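Just so we're aligned: 693 in this note's numbering is position 9 of the sequence shown, and the numbers increase by one with no gaps anywhere.
The beta-carbon is built from N, C-alpha and C at its ideal position, and this holds for glycine as well.
Small disclaimer: the values here were computed from a predicted structure and weren't measured.
Note sheet for the following structure.
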Amino acid sequence: MSMVTYIGLNFPVKLYEFYKEDEVEINYVFSDEEHRNVVKQKHFSTPYIYEVFEKSKPIWQINEYQKIHSTHNYEKSKKTFQHLCLFLKELLPQGDYCEIYICWLGEEGAEREDYLKIDLNNLQIETIEILEKCFIRIEN
Numbered sequence: 685m686s687m688v689t690y691i692g693l694n695f696p697v698k699l700y701e702f703y704k705e706d707e708v709e710i711n712y713v714f715s716d717e718e719h720r721n722v723v724k725q726k727h728f729s730t731p732y733i734y735e736v737f738e739k740s741k742p743i744w745q746i747n748e749y750q751k752i753h754s755t756h757n758y759e760k761s762k763k764t765f766q767h768l769c770l771f772l773k774e775l776l777p778q779g780d781y782c783e784i785y786i787c788w789l790g791e792e793g794a795e796r797e798d799y800l801k802i803d804l805n806n807l808q809i810e811t812i813e814i815l816e817k818c819f820i821r822i823e824n
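Right under this line is the structure:
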C-alpha cells in the first residue's frame, strides 16, 4: 500500500502545468477517480481533487517520532513541506485556501485523526506535526 497526500483546490489545474524541477508537484500518482471522490465527499469542501507528489521525503514524517528517531528524515520532510508551502503561496490567490488529507491508499473513508490549520503568511513549521489521517487547511 502507498501513503497518498490528497490536495483539494477551489480551481482546476492542468496536470504537468505546474511541473517544476522542484520537491513537489500536483499530479495523480496512486489514486483513481473513486479514491478521490471518497476524499471529496468525506473530507473536502473544495471541488477539485489532486495529489501532491513529494519527490524527496513525505510531509507526513514531520512528527515527534521522526524528530527523535530519524532526525535526517524529519529534516528532509520539513524541507519538502517548506517547498510545498512556497509552491502554494504562488499557486493560491490571496484569501483562498486548499485542503490536504493524508492517508493510506484505500483508507480514504476513514475518520480523521488530526486537524491542522496553517496560514501561509504566518508559517510556524516548528510547531507542526503531521501524521497519517491528518486533515490540513492551508490558507493564503
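Nearest to residue i (by Cα), restricted to the options the options
i	options	result
V723	W744, N711, S754 and E795	E795
K698	Y690, S715 and Y734	Y734
L775	S761, N824 and N805	N824
G779	L693, S686 and M687	L693
C769	V688, E738 and H719	E738
K763	E797, I809, W788 and H727	I809
H727	E792, I802 and K801	E792
Three-state class that DSSP yields for residue i in the structure shown
i	result
L800	strand
I743	helix
T689	strand
I812	coil
N711	strand
Own chain residues within Cβ distance below 7 Å of residue i, not counting five before or after
i	result
N747	E813, I814 and L815
Run of the beta strand (DSSP E) containing residue i, from where it starts to where it stops
i	result
V736	Y732 to E738
Sequence-distant residues of the same chain with beta carbon closer than 8 Å to residue i, five excluded per side
i	result
L772	C782, L804, I822 and N824
E718	none
Bridge partners - residue i, DSSP secondary structure assignment
i	result
E823	Y781 and D803
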